[in-house]
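Data first, discussion second: the structure below is written as structure tokens.
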Amino acid sequence: GQQLNQSPQSMFIQEGEDVSMNCTSSSIFNTWLWYKQDPGEGPVLLIALYKAGELTSNGRLTAQFGITRKDSFLNISASIPSDVGIYFCAGPPSSGTYKYIFGTGTRLKVLA
Amino acid sequence: NAGVTQTPKFQVLKTGQSMTLQCAQDMNHEYMSWYRQDPGMGLRLIHYSVGAGITDQGEVPNGYNVSRSTTEDFPLRLLSAAPSQTSVYFCASRTGVGANVLTFGAGSRLTVL
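Next comes the structure, spelled out in structure tokens:
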């Protein structure tokens, strides 16, 4: 089945550093969703993007909906220890609103 | 407002046993879905429902059954568990037309021996 290509797969960063991750697809997406998952918990929505080119912020997080509608980017500024977790991109491809597809995740570890 | 509630949190089964994972939401969401999460695989859609009485298959439906008799509940049934079904299962819901954001439950970790 189709999956979103998410990179990097994992990263170690120092506290205070900025983080960038991206998600790409071979299909066009109507919506891009970014989730964070803490250990033992379900994914929690960080940012939702609805229009090509859209740039949306949520505190230290900023996400962008790619112009081609086939990619999206998430940036975290000035990382802190509680940013540790797995970040997923997701969305319903334009070809089917009900069958959401998820990226394989970016595992973030922050070194204090 | 509890959101999406999944039970049980943990379950161990023997091969061939059956069980039901429960999912309930109190947000009057029309759309409900089940995912499984395996290491390195992300979340994969098993089944989904767009309303009471309506269900459809996702990417990995084999070995799982669902039904949707009420808006609130969407149980996932394993009729004859297999070790390949060892995974973490998540239920997610959303409102109907015009809203694409999924709300997830906390997950159910299933081990099949």
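Those sequence lines, one after another, are chains A and B. Be aware that the first sequence starts at 1, since it is given in my numbering, and climbs by one per residue. Be aware that the second sequence starts at 113, since it is given in my numbering, and climbs by one per residue. Quick reminder that beta carbons are idealized off the backbone N, C-alpha and C, glycines included.
Around the Cβ of residue i, are there at least 16 other Cβ atoms within 10 angstroms (buried) or fewer (exposed)?
i, result
"LYS121 (chain B)", "exposed"
"ALA204 (chain B)", "buried"
"ALA124 (chain B)", "Here residue 124 (chain B) is Val; the residue named in the question, Ala, does not match the sequence. Looking at its Cβ environment, which holds fewer than 16 other Cβ atoms inside 10 Å, VAL124 (chain B) is exposed."
"THR223 (chain B)", "exposed"
Looking only at its chain, what residues have a beta carbon closer than 8 Å to the beta carbon of residue i, apart from the 5 residues adjacent to it on each side?
i, result
"ALA52 (chain A)", "PHE65, GLY66, ILE67, THR68 and ARG69"
"SER81 (chain B)", "Absent from the structure is residue 81 (chain B), since the part of chain B shown begins at 113 and ends at 225."
Let's see if you can read the secondary structure: which residues bound the beta strand (DSSP E) around residue i?
i, result
"MET131 (chain B)", "131-137"
"TYR176 (chain B)", "176-178"
"ALA48 (chain A)", "44-49"
Can you name, in chain order, every residue of its own chain whose Cβ lies under 6 Å from the Cβ of residue i, other than the five neighbours on each side?
i, result
"PHE102 (chain A)", "PHE88 and ALA90"
"GLN14 (chain A)", "LEU111"
Tell me the DSSP bridge mates of residue i?
i, result
"ARG189 (chain B)", "B:THR132 and B:ASN177"
"SER57 (chain A)", "A:THR62"
"THR24 (chain A)", "A:ASN5 and A:ASP71"
So, for residue i: in the same chain, excluding its five sequence neighbours on each side, which residues have a beta-carbon less than 7 Å away from its beta-carbon?
i, result
"LEU190 (chain B)", "SER130, MET131, GLY175, TYR176 and GLN197"
"ARG156 (chain B)", "TYR147, ARG148, GLU171 and VAL172"
Shorter than 7 Å, the distance from the beta carbon of residue i to the closest heavy atom of the ligand COA, or not?
i, result
"ARG206 (chain B)", "As far as ligands go, the structure on display features none, and thus does not contain the ligand COA."
Mind listing which residues of the region 46-75 of chain A have their C-beta closer than 7 Å to chain B's C-betas, in chain order? ALA48
Taking a Cβ distance cut-off of 7 Å, strictly less, list which residues of the region 93-104 of chain A are near chain B, in chain order. TYR98, LYS99, TYR100, PHE102, GLY103 and THR104
Where the region 78-93 of chain A meets chain B: residues whose CB sits under 9 Å from a CB there: PHE88, ALA90, GLY91 and PRO92
Below 7 Å between beta carbons is the criterion; list the residues of the region 187-207 of chain B that meet it against any residue of chain A, in chain order. PHE202
Closer than 8 Å, Cβ to any Cβ of chain A: which residues of the region 161-179 of chain B, in chain order? VAL162, ASP168, GLY170, GLU171 and VAL172
For the region 35-46 of chain A, which residues have a beta carbon sitting closer than 9 Å to at least one beta carbon of chain B? TYR35, GLN37, GLY40, GLU41, GLY42, PRO43, VAL44 and LEU45
Just by C-beta distance, which residues in the region 138-156 of chain B are closer than 8 Å to chain A? TYR143, SER145, TYR147, GLY152, MET153, GLY154, LEU155 and ARG156
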